[in-house]
Each structure stands twice: as structure tokens, then as C-alpha cells.
Amino acid sequence: MWPNISAAPFLLTGFPGLEAAHPWISIPFFAIYISVILGNGTLLYLIKDDLNLHEPMYYFLAMLAGTDLTVTLTTMPTVMAVLWVNQREIRHGACFLQAYIIHSLSIVESGILLAMSYDRFVAICTPLHYNSILTNSRVIKIGLGVMLRGFLSLVPPILPLFWFPYCRSHVLSHAFCLHQDVMKLACADITFNRVYPVVLVALTFFLDALIIFFSYVLILKTVMGIASGEDRAKALNTCISHISCVLVFYITVIGLTFIHRFGKHAPHVVHITMSYVYFLFPPFMNPIIYSIKTKQIQRSILRLLSV
1 MWPNISAAPF
11 LLTGFPGLEA
21 AHPWISIPFF
31 AIYISVILGN
41 GTLLYLIKDD
51 LNLHEPMYYF
61 LAMLAGTDLT
71 VTLTTMPTVM
81 AVLWVNQREI
91 RHGACFLQAY
101 IIHSLSIVES
111 GILLAMSYDR
121 FVAICTPLHY
131 NSILTNSRVI
141 KIGLGVMLRG
151 FLSLVPPILP
161 LFWFPYCRSH
171 VLSHAFCLHQ
181 DVMKLACADI
191 TFNRVYPVVL
201 VALTFFLDAL
211 IIFFSYVLIL
221 KTVMGIASGE
231 DRAKALNTCI
241 SHISCVLVFY
251 ITVIGLTFIH
261 RFGKHAPHVV
271 HITMSYVYFL
281 FPPFMNPIIY
291 SIKTKQIQRS
301 ILRLLSV
């Protein structure tokens, strides 16, 4: 029998075997975290401050930036504490809350990318009705719907974590808490916690990606029907930023899934690194993509810098 250590705090893990290098590893991590905060924070400020950006497309972008910012601020404290001062202990409640926010916001981000594809679909396929369809109140309703879907759908698997007994090792495999990590430490029937996330992923990530794909099939069909080559290029150019963000997000999702499913013999450090790529790469890239590809954002940045 394992001793009952339910009351003991969980122990977070940095990069096993590289503990001596943690201070050096912390440098690029800290630089990326600061870049994510500055990039997404700047986007939020520009969209709030510039009246030219008070449009549905940029409201959805603000939601995306806010989601990325929150994920970063949720994971950063424990990651940097482990890398800087080897502070590994985390209480159960704090751990479950962190896991809840991280996983919920992943589903929220997928939902926002879906909402952004709907925005592009309406703008290109029914441009004359764009303002009447995507009113401010409808954008708010879509945003609330995306948030509720993300946060309510994670309640069922997270709640049981509070009453599971933890009598196995209490060492987690990352420097932040994840549901799949915590449930493996429970001395209880975790069948529901194993099955529910698979169903949830199928009904959110997979379904969202499928709808986004079909929306772009319809967008492409509409664009190909435009007579002028210049107008076709202009219409497609408004979608490039969104397509790039979708690819960044779903490629990291697929990469992480493949590593977990088929990379059992891969070094543990590869699994850990892929997890950090999943949580840091999209929030890092999204502001860069929109700053490079969207002229209105570029103008706002130049206006901000010239003040």
C-alpha cells in the first residue's frame, strides 16, 4: 500500500537532469514571457485607443490577445519560480485552479479562432450585410458564448480532482499544473477523467478546425468568383493573418498530441519542451503575425510611436 499523502503539496518539475542550467534556461523563457506580455498588451491598448480599430474583426483579435495574455500570466509565476529559485511546491487548490484556467483558455482560444473565421466569412461572402450581421451586441454574445463554452466544459473533469485521494508520488512532470498530470497521481477510479477530455477535444478542437476549414472552402469559392484579380488578392489578404494564427495554433496542438500518443520512447525533455511550445508559441506569434500582415495595426503602431 502507498502511504496517504493527500495533504502533501504537489511538486512541480522543471527540466530533469538540467537543474544546474535552470538559471540559463530561465533567460529565454523570461524574454519570451515579456515579449508575449508586451505584444498582446500593445494589441489590446491599440484596439481600445484607436477608433479605426473599433470593428468586429479587431474585437475578436482583442479577445484572442486577452486569452493569450491570461494564459501567459497564469503559467509564468510557477515556471519562473521553478527556474529561478527552485520553488517547486504548489498547494492542491492553486494547482487545480491553474489547470482549470489553462485548459479552459485553450478551448476559448479555439472558439475565438472559429469566431474570427465567421467574421471573415461574413465580410467576404456577404459584405453588404456585414455591419447588420456582426453588430456590437452580437459580437459580445459570441464572445460570451465562447467564454462560457470554455469555462463550463472544464468543470466536470476538474471538480473530481478536489476529492480524489492522492497516495502515489506527488511529483508533476511540468512547471505548471495540467489535468492529465494531476489525475495520474490519484488513487481512485479516473475512467471519467480519462474519457471526458477525449470527447471534449473531439467536440471542440476537432469540430472547430473542421468548421474553420469549410468556412475557408466557401470563402475561396466566393473569392474565385470575383472578376478582378486585384480584388481577389485584396479579399484573400484580409484572411492571411487569421489563417496564419489558425495554422500556428492547430499545428502546435497536433504536434503536442502526436508526441503524447506516439512519442513514448522520446526523451522526457522533448515532451516537456513541446508542452512549452504549445503554451508559448501561439501567444508569442499572434501579435507578430497581425503586426506584420495587417496595415491598420501597422498604422496604429506608427501613430503610437510618433506620439
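Sequential numbering from 1 applies to the sequence shown in my numbering.
Glycine included, C-beta positions come from ideal geometry on N, C-alpha and C.
For the 8 Å CB-CB criterion, Ser110 and Phe151 do not form a contact. Residue pairing by DSSP places Glu89 opposite Leu11 in a beta bridge. Ranked by how close their Cα comes to the Cα of Leu97, the residues Val201, Leu128 and Phe162 have Phe162 in first place.
Taking a cut-off of 8 Å for Cβ pairs, the stretch 109–127 and the stretch 53–62 touch, as three or more such pairs fall below it.
In the DSSP assignment, Ala209 falls within the unbroken alpha helix (DSSP H) covering Leu207 to Met224. The beta carbon of Phe279 sits closer than 7 Å to the beta carbons of Val71 and Thr75 from its chain, once the five residues preceding and following it are set aside; these are given in chain order. Contact annotation: the stretch 33–47 touches the stretch 288–302, with at least three C-beta pairs closer than 8 Å. Separation of the CB atoms of Leu64 and Asn286 is rounded to 6 Å, and the pair is thereby assigned contact status at 8 Å. For Leu247, the closest C-alpha among the options Leu113, Val223, Leu69 and Thr191 is that of Leu113. Counting C-beta pairs with one atom in each stretch, the stretch 163–172 and the stretch 181–188 have three or more that are closer than 8 Å, which means they touch. Counting other Cβ atoms within 10 Å of its Cβ, Thr135 stays below 16 and is therefore classed as exposed.
For the set Ala20, Gly14, Gly66 and Leu51, the Cα lying nearest the Cα of Pro282 is the one of Gly66. Pro16 has its alpha-carbon roughly 25 Å from the corresponding atom of Ile34. By the Cβ criterion, the stretch 196–210 is not in contact with the stretch 295–307, since fewer than three pairs of Cβ atoms, one from each stretch, lie closer than 8 Å. Rounded to whole angstroms, the separation of the alpha carbons of Glu55 and Leu304 is 19 Å. The stretch 174–183 makes contact with the stretch 83–97, as at least three CB pairs between them are under 8 Å. In this chain, Phe164 is not harboured by any alpha helix (DSSP H), its DSSP state being neither H nor E. Per DSSP, the unbroken alpha helix (DSSP H) holding Ser275 starts and ends at His268 to Lys293. In this structure, Arg91 places its C-beta atom within 8 Å of the C-beta atom of Pro9.
No Cβ-Cβ contact shorter than 8 Å links Ile243 with Ala235. Between Arg138 and Met147, the alpha-carbon positions lie close to 14 Å from each other. In the assembly as shown, Asn52 is an exposed residue. Its beta-carbon has fewer than 16 other beta-carbons within 10 Å. About 6 Å separates the CB atoms of Thr252 and Val277; that is less than 8 Å, so the two are in contact. Apart from the 5 residues on each side of it in sequence, Val171 sits with its Cβ closer than 6 Å to the Cβ of Leu11 in its chain, given in chain order. According to the DSSP assignment, Leu159 belongs to no alpha helix (DSSP H), since it is labelled neither H nor E. Under DSSP, Val195 forms no beta bridge with any residue.
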